[in-house]
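Asker:
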Amino acid sequence: MAEFRDSIDIAAPPEVVFDYLTTNAGMVAWMGQYADLEPKTGGRFAVDIAGHPVRGEYLCVEYPSRVVVSWGFFGSDDLPSGASTVEFRLTPVAAGTHLELRHSDLPETEVRGHAHGWSNFLPRLSTAGAGENPGTDHWFPLPD
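Take 408 as the starting number for the sequence shown in our numbering and just add one per residue.
#1: Should Leu506 go down as buried or exposed, given a rule of 16 or more other Cβ atoms within 10 Å for buried?
#2: Have a look at Asp544, Gly542, Phe481 and Ala419 and flag the residue whose alpha-carbon is nearest the alpha-carbon of Ala502.
#3: At 3 residues or longer, and completely inside the region 495 to 531: list those beta strand (DSSP E) runs for me, N to C.
#4: For the alpha helix (DSSP H) that contains Asp426, what are its first and last residues?
#5: Taking Arg473 as the reference, give the member of Asp544, Leu428 and Asp484 with the closest Cα.
#6: Can you list, in chain order, the residues of its chain with a C-beta nearer than 8 Å to that of Arg451? Leave out the 5 residues immediately preceding and following it.
#7: By alpha-carbon positions, which one of Glu494, Ala537, Tyr470 and Thr504 ends up nearest to Trp478?
#8: Hey, quick one: how far does the beta strand (DSSP E) through Leu466 stretch, first residue to last?
#9: Should Trp546 and Ala432 be called a contact, given that it needs their Cβ atoms to be closer than 9 Å?
#10: Using a 10 Å radius around the Cβ and a threshold of 16 neighbouring Cβ atoms, would you call Ser526 buried or exposed?
#11: Short check: CB of Asp512 to CB of Ser488, under 9 Å?
#12: Taking the alpha-carbon positions, what's the Leu532 to Asp544 distance?
#13: Assuming contact is defined by CB atoms lying nearer than 9 Å, are Pro548 and Trp437 in contact in what I supplied?
#14: Considering just the uninterrupted stretch of the beta strand (DSSP E) at Ala490, what are its terminal residues?
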């Protein structure tokens, strides 16, 4: 299994950024067209992204510094619901929040596509978290 890591800075305090990881409206502001979230350990994590149903559960919710979810695609043989793990760590910095992303337990065949996705969505999170509109998302997965 492989992992993908990245980080961004967001011009907002961790308490604000945390809501973008744990509320339906916050999530769809930067990623996906639909979210059904239950942000507690064992709670539901469901986000539809470009027609792809990401399903999993919240594994850890530590306000306002850490969110961990299981992640996979409903009906997928390659990365089924809940098969990988996404961790967001939020650290306060002078300019707002430093967010570290770690997406682990990815099959090697999934790393390229998820790196492509996160490279689109993390800047959108930075924009939304700073109180700006990231605009309509036109992202689609890479072709196989």
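In this text, a Cβ means the ideal position worked out from N, Cα and C, and glycines have one as well.
Answerer: Looking at the coordinates:
#1: In the sequence shown, residue 506 corresponds to position 99, counting from 1. Buried, since its Cβ has 16 or more Cβ neighbours within 10 Å.
#2: Working through the sequence shown from its first residue, we reach residue 502 at position 95. Checking every option, the nearest Cα to that of Ala502 belongs to Ala419.
#3: Counting only runs of 3 or more, we get 503 to 513.
#4: As a first step, residue 426 must be located in the sequence shown, where it is residue number 19. For Asp426, the enclosing alpha helix (DSSP H) starts and ends at Pro421 to Thr429.
#5: Looking up residue 473 in the sequence shown gives position 66. Checking every option, the nearest Cα to that of Arg473 belongs to Leu428.
#6: Position 44 of the sequence shown holds residue 451. Closer than 8 Å at the Cβ level, and outside the excluded window around Arg451, lie Asp443, Leu444, Glu445, Glu464 and Tyr465.
#7: Residue numbering aside, residue 478 sits at position 71 when the sequence shown is read from its first letter. Checked all of Glu494, Ala537, Tyr470 and Thr504; the closest Cα to Trp478 is Glu494.
#8: Stepping through the sequence shown from its first residue, residue 466 is reached at position 59. Unbroken beta strand (DSSP E) run through Leu466: His459 to Glu469.
#9: In the sequence shown, the residue the question calls residue 546 occupies position 139. In the sequence shown, the residue the question calls residue 432 occupies position 25. No, these two residues do not count as a Cβ contact at 9 Å.
#10: Within the sequence shown, residue 526 is the residue found at index 119, counting from 1. Counting Cβ neighbours within 10 Å, Ser526 comes out exposed, since fewer than 16 surround it.
#11: As a working mapping, residue 512 is identified with position 105 in the sequence shown. As a working mapping, residue 488 is identified with position 81 in the sequence shown. With a cutoff of 9 Å on beta-carbon distance, Asp512 and Ser488 are scored as not near each other.
#12: Counting from 1 along the sequence shown, the entry for residue 532 is found at position 125. Counting from 1 along the sequence shown, the entry for residue 544 is found at position 137. Taking the Cα positions, Leu532 is about 12 Å away from Asp544.
#13: For the purposes of this step, residue 548 is taken as the residue at position 141 of the sequence shown. For the purposes of this step, residue 437 is taken as the residue at position 30 of the sequence shown. For the 9 Å CB-CB criterion, Pro548 and Trp437 do not form a contact.
#14: Here residue 490 refers to the residue found at position 83 when the sequence shown is read from its first residue. If you look at Ala490, you'll find it isn't in any beta strand (DSSP E); DSSP assigns it neither H nor E.
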